[in-house]
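Chain order of the listed sequences is A and B. According to numbering that gives the first Met the number 0, the first sequence is numbered sequentially starting from 0. According to numbering that gives the first Met the number 0, the second sequence is numbered sequentially starting from 0. Beta carbons: idealized from backbone N, C-alpha and C, even for Gly.
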Amino acid sequence: MSIGSGAEEGYEHYEAVVVGCGPGGAAAAARLADHGVETLVLERGVEAGSKNVSGGLLYAEESAAYTIDDLFSDFRAEAAERPVTDYHIHNMSGNRVKSYDLTDLHDHDTDWCDAVLRRPMDSWLEQRVHEKTSETGGGVLTGVRVNGLLRENGEIVGVTCDELDPIKADMIVAADGVNSELARDAGLMDWEEPDEWFQGVKAVVEMDSETIADRFDIDEDEGVAHLFSGDLFQDVRGGGFLYTNEDSLSIGTVFHLDSLVEQEAEPHELLDALLTHPLLAQWFRGEYDEREYAAKLVPDSKKVAHREPYRDRLVLVGDAAGQMQAQGPIIKGMNHAVTAGALAADAFAVTRGNADPEAAGRRYTTMLEKSGTMDKLRPRRYEVSRRVGERDVVTNAVERVLNSRVGSLAVGNPIAERALKRAYNSPFLVSMLPDTKTGYVSLPSVIGEEHGRTVHWENEIEPPTLADRIGDLTYDTDVGNPHIRLRDESYEASGAAVAACPVSAEDFGGGCYRSETVKTNGSEERLVSLDTQPCVECGTCAVVADTEWEHPRGGKGVEYREG
Amino acid sequence: MEGIVRSVVLTKGVPDFSEGAVSFNEEGHLERGKTPTVMNPNDEFALQAALQTKVRHGGHVSGMSMGPPGYASVLEEAMESVYTDDSYLLSDRELAASDTWATAITLCSAIEKYQEEVADVDLVFAGFKTADGETGQTGPQTCWGLDWPIVTHVLALDIDPDEGILRAKRLVEGDVDEIETVEAPLPCVVIADPEFEPTYRKAAHRLTHKQLRGETQERATDHEEHMTTWDHQDLNLDPDYIGLDGSPTIVSAVDPIPKAPSEREATMVDPGDEDGMETVFEEMHAFAGGD
Ligand SMILES: Cc1cc2nc3c(=O)[nH]c(=O)nc-3n(C[C@H](O)[C@H](O)[C@H](O)COP(=O)(O)OP(=O)(O)OC[C@H]3O[C@@H](n4cnc5c(N)ncnc54)[C@H](O)[C@@H]3O)c2cc1C
Ligand code: SF4
């Protein structure tokens, strides 16, 4: 007996261990508990939601095998903000804006859709999950970070943690989100290619419910969603969003990470470009009070959704499995995480007691296919159109046409206008859009230019500086124990992080990444240095820099209050 | 023992220095009634040690405190923050102004009464030094009175309920560089070191901890219901041997409390001075009942 540790011989064992208490983990755990499976949930945040960010519109799709209110009956009343009753997209070209009503696209296959904030939402889920799982002999533990997989004779049999002794389980659900350390440890995912990810950045902005009602012309039980695309983000592929919460706004951007890196764009400046655009003046009216700045990577399911997301007793659900669908401008990650989590639980329940350790994983894979989830995540249409559309030759040709007089005229004629609106509202066409500049920048700006009206409002707000944004965040720094280490300090290997890190910038000394020129033996070298204190754990530098990247220990690091 | 551990944690209130509201009476004694009371900071470690034992082995923890009625708030704090099951307050006028010795006598009597009337005790936990007295003696003196073994400066501990023993890691003479492992038979007294850190490396332990937190939050809302008060008669104590009259020592000066003007005579004795120490022992003889 080692005194003080409480360690006894042998491992603790639970029937199921769920890592992460976001929507994916919560759904898996709740469903496992419904099946009477003894379930332990491990969450690294001080409370579920304290590490999480989304835009966030949570969809309940009519075609989904499970929606969140199937599993948590009073979810909408207790944990969500406002339902989306109005949906618009704005194509911008300078001050010219052409807006389309996207409600048709939004309504397609939608039973309901609510805006959510992740801290209140996930912490509510955590309570419910703890109640349910406690009855099975398990429960939810926060402040515990799983740091790897426990193996016996090369086979995955459990998890290892920073804060606990290793634990064995008959099924391990990795619902640990984007940058899943478990998926990487199992060799199922890697963090190599920037073009497989988006980076999302968001500000939660103070606005009381009366003001929201007034400025957006909605009732208490109504909400709006606005999307923004065009040339306001320079040439970076992606777009912006604005959603109404009960008494705040969520305003943010989602960009292709490869594009961000290519353009050496500063994420916080792109967010500011949206915030300070004249179009937004109608809602701010000169007042701007930012409650929280946040960022996180988002996987692109079209490229990374794993077709067989399991190994041995481990299954991946949600972002950890790359199950995050960008359906044109509509982003669906939380809903798929919920569906996948519940399906994984069902798969375990039906294969319970099967001696084959991969029985549950195989069943889960089949269920993802049969429920149609996999086809949403990796649409076959996209696979085909991508092969053609993403070739540079085609892109360049289309770009040239669009930017030519003829192209603008073509897009600009009245028939085209109706056709374009229809195209935007077509889930079929939208899911086919290749990930090129055309869809994100050129087409919207031509639409804005040709069909738009000029917005004359003055937007006089001043968003906080990066230093103020960092200063307003809450951190519990793990002093002397940085969770990210630079493996290669050269600018070539890791320099991209200086701009791409949402809390760093060239010529800003208070961020995570900095670059400096050092003189050695008469030659000059550009080096990168890293200070993880202001890190918001978004995961970007795990992909764009050469690092040894881990999440901080349980409870350490940034703590979001809104999410 | 049936695999569950019964513990009593000794805790006391100390003046809340942060308020800067320490007040003294005419005789120079601290007026505790007029000074906001908080839990003695070092008792936190004793309580944590008791809680760890309960989380790992199950059982029951009682908080016990000797002092004015206002100390009920300290016991309530113990219930809220470290989930004690119930509280015992030893309080009446006769017990006022006790020094460590008179306190120890009173605590011993209370533990004996507890054993007779409530349950057999396996462990008594006490903190290392109080913030106001700084003598660090009440614990050892209590254990002397109970005639139980004592383990001081405890950093980590485990109970083997089947064997009825305690294993602990302790600092040797309070020196951080030297740690020894000791065993003691139960029942025994444990003095937790301020370096004591509870560890919960088992998921099951953390779940129990969380469950206790939930249960206790309810319990602490009506703390009075769970508190028993004993006066000197309940404890069958002769007023001559307790309280101010039963206190052979005084604390004449303490930092950072403002100096209490003492009108009682104090003799300063250098522990190296044999004659002087002889006098101390003689003085204490009567109180120690060592005829
Ligand atoms: C800016 C932005 C906008 C978005 N907009 C939308 C939107 O509008 N609609 C939508 O549906 N989706 C949106 N998403 C995507 C959505 O947030 C994710 O797809 C979704 O959160 C995935 O859920 P999950 O349960 O898989 O993972 P997460 O929600 O990330 O949860 C993972 C959990 O695991 C925990 N964890 C991680 N590692 C460990 C570990 N090692 N040990 C213990 N616990 C761990 C984390 O703390 C976290 O609680 C957006 C994302 C961003 C960044
Ligand atoms: S240091 Fe890396 S993980 Fe942290 S905020 Fe910057 S890019 Fe994101």
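> From the beta carbon of residue 185(B), is the nearest beta carbon of chain A less than 8 Å away?
Replying inline: Chain A, which has no Cβ nearer than 8 Å to the Cβ of residue 185(B), makes this no.
> Can you find a C-beta in chain E that's less than 8 Å from the C-beta of residue 209(B)?
Replying inline: The structure shown contains no chain E; the protein chains it does contain are A and B.
> Are the Cβ atoms of residue 61(B) and residue 83(B) separated by less than 8 Å?
Replying inline: Cβ distance < 8 Å, so residue 61(B) and residue 83(B) count as in contact.
> In whole angstroms, what is the alpha-carbon distance linking residue 312(A) and residue 114(B)?
Replying inline: If you take the alpha carbons of residue 312(A) and residue 114(B), they lie about 51 Å apart.
> Any heavy atom of ligand 1 within a distance shorter than 7 Å of the CB on residue 258(A)?
Replying inline: The answer is no for residue 258(A).
> Any Cβ of chain B within less than 8 Å of the Cβ of residue 140(A)?
Replying inline: At least one chain B Cβ lies under 8 Å of residue 140(A).
> Just reading off the beta strand (DSSP E) that residue 114(B) is part of, what are its end residues?
Replying inline: That residue, residue 114(B), is in no beta strand (DSSP E); its alpha helix (DSSP H) goes 99-116.
> Does DSSP put residue 289(B) in a helix, in a strand, or in coil?
Replying inline: Legend: pLDDT at residue 289(B) = 45, less than 50; position of this residue unreliable, no value from coordinates given.
> Of all the residues that make up the segment 115-128 of chain B, which are near chain A by a beta-carbon distance shorter than 8 Å?
Replying inline: Residues passing the 8 Å Cβ filter: none.
> Cβ of residue 483(A) within 7 Å of any heavy atom in ligand 2?
Replying inline: Result yes, Cβ under 7 Å from ligand 2.
> Below 8 Å between beta carbons: does that hold for residue 551(A) and residue 455(A)?
Replying inline: Cβ atoms of residue 551(A) and residue 455(A): not closer than 8 Å.
> Would you say the segment 134-151 of chain B touches the segment 193-206 of chain B, given that touching needs at least three Cβ pairs under 8 Å?
Replying inline: Between the segment 134-151 of chain B and the segment 193-206 of chain B there are fewer than three inter-stretch CB-CB distances shorter than 8 Å, so the stretches are not counted as touching.
>> By the three-class DSSP mapping on this structure, what secondary structure does residue 47(B) have?
In response: Assigned with DSSP and collapsed to three states, residue 47(B) falls in helix.
> Does the distance from the C-beta atom of residue 81(A) to that of residue 245(A) stay below 8 Å?
Replying inline: It is a contact, given that the beta carbons lie within the stated cut-off.
>> Residues of chain B with CB closer than 8 Å to the CB of residue 475(A), please, in chain order.
In response: Chain B residues near residue 475(A): none, gap ~17 Å exceeds 8 Å.
>> By alpha-carbon positions, which one of 316(A), 343(A), 534(A), 35(A) ends up nearest to residue 180(A)?
In response: Closest option to residue 180(A), judged by alpha-carbon separation, among 316(A), 343(A), 534(A), 35(A): 316(A).
> Where are the alpha helix (DSSP H) runs, 4 residues long or more, that stay fully inside the segment 59-105 of chain A, in chain order?
Replying inline: Counting whole runs of 4 or more residues, the segment 59-105 of chain A contains the alpha helix (DSSP H) stretches 67-70, 74-78.
> Which whole-angstrom value is the C-beta distance of residue 96(A) and residue 89(A), which I expect to be below 8 Å?
Replying inline: Contact holds; Cβ gap of about 5 Å.
> Going along chain B in order, which residues have a C-beta closer than 8 Å to the C-beta of residue 329(A)?
Replying inline: Chain B residues near residue 329(A): none, gap ~38 Å exceeds 8 Å.
> Does DSSP put residue 282(A) in a helix, a strand or coil?
Replying inline: Three-state DSSP puts residue 282(A) in a helix.
>> Less than 6 Å between C-beta atoms, sequence neighbours within five positions excluded: which residues of the same chain meet that for residue 622(A)?
In response: Outside the modelled stretch of chain A, which goes from 0 to 562, sits residue 622(A), for which no answer is possible.
> With distances taken from CA atoms, which of 46(B), 33(B), 26(B), 104(B) is nearest residue 7(B)?
Replying inline: Residue 46(B) is the option with its Cα nearest to residue 7(B).
> Cα-Cα, which of 244(B), 279(B), 191(B) is closest to residue 51(B)?
Replying inline: For the residues 244(B), 279(B), 191(B), the minimum Cα distance to residue 51(B) belongs to 191(B).
> Is it a yes or a no for the segment 229-240 of chain A touching the segment 177-192 of chain A, going by three-plus beta-carbon pairs under 8 Å?
Replying inline: The segment 229-240 of chain A, when compared against the segment 177-192 of chain A, does not touch it at the 8 Å Cβ threshold.
>> Run through chain A and tell me which residues come within less than 8 Å of residue 49(B), C-beta to C-beta.
In response: Within chain A, no C-beta atom comes nearer than 8 Å to that of residue 49(B); the closest sits roughly 15 Å away.
>> Considering only their Cβ atoms, is the gap separating residue 301(A) from residue 351(A) smaller than 8 Å?
In response: Their beta carbons are not under 8 Å apart, which means residue 351(A) does not touch residue 301(A) by this criterion.
> In chain A, which residues lie with their C-beta within 8 Å of the C-beta of residue 5(B)?
Replying inline: Correct list: empty, because the minimum Cβ distance to chain A is about 19 Å.
> Listing by chain order, which chain B residues have their CB less than 7 Å from the CB of residue 39(A)?
Replying inline: Residues of chain B with a Cβ closer than 7 Å to the Cβ of residue 39(A) are, in chain order, 202.
> What is the residue span of the beta strand (DSSP E) that residue 156(B) lies within?
Replying inline: Unbroken beta strand (DSSP E) run through residue 156(B): 149-159.
>> List, from N- to C-terminal side, the beta strand (DSSP E) runs of 3 residues or more that fit wholly inside the segment 164-241 of chain A.
In response: Within the segment 164-241 of chain A, the complete beta strand (DSSP E) runs of at least 3 residues are 166-173, 196-205, 223-229.
>> Taking beta-carbon pairs under 8 Å, can you tell me which members of the segment 255-274 of chain A lie near chain B?
In response: For the segment 255-274 of chain A, which is checked against every Cβ of chain B, not one residue is closer than 8 Å.
>> Using 8 Å as the threshold, is the C-beta distance between residue 51(A) and residue 117(A) below it?
In response: Cβ atoms of residue 51(A) and residue 117(A): closer than 8 Å.
>> Per DSSP, what are the beta-bridge partners of residue 124(B) in this structure?
In response: As computed with DSSP, residue 124(B) is found in a beta bridge with 8(B), 189(B).
>> Is residue 534(A) a contact residue of ligand 2, with contact defined as CB to any heavy atom under 7 Å?
In response: Checking every heavy atom of ligand 2 against the Cβ of residue 534(A), one is found closer than 7 Å.
> When we look at the beta-carbon of residue 354(A) and count the other beta-carbons within 10 Å, is it buried (16 or more) or exposed?
Replying inline: Exposed, because fewer than 16 other Cβ atoms sit within 10 Å of the Cβ of residue 354(A).
>> Let me see if you follow: with CB-CB separation under 8 Å, is residue 205(B) close to chain A or not?
In response: So yes, residue 205(B) belongs to the interface.
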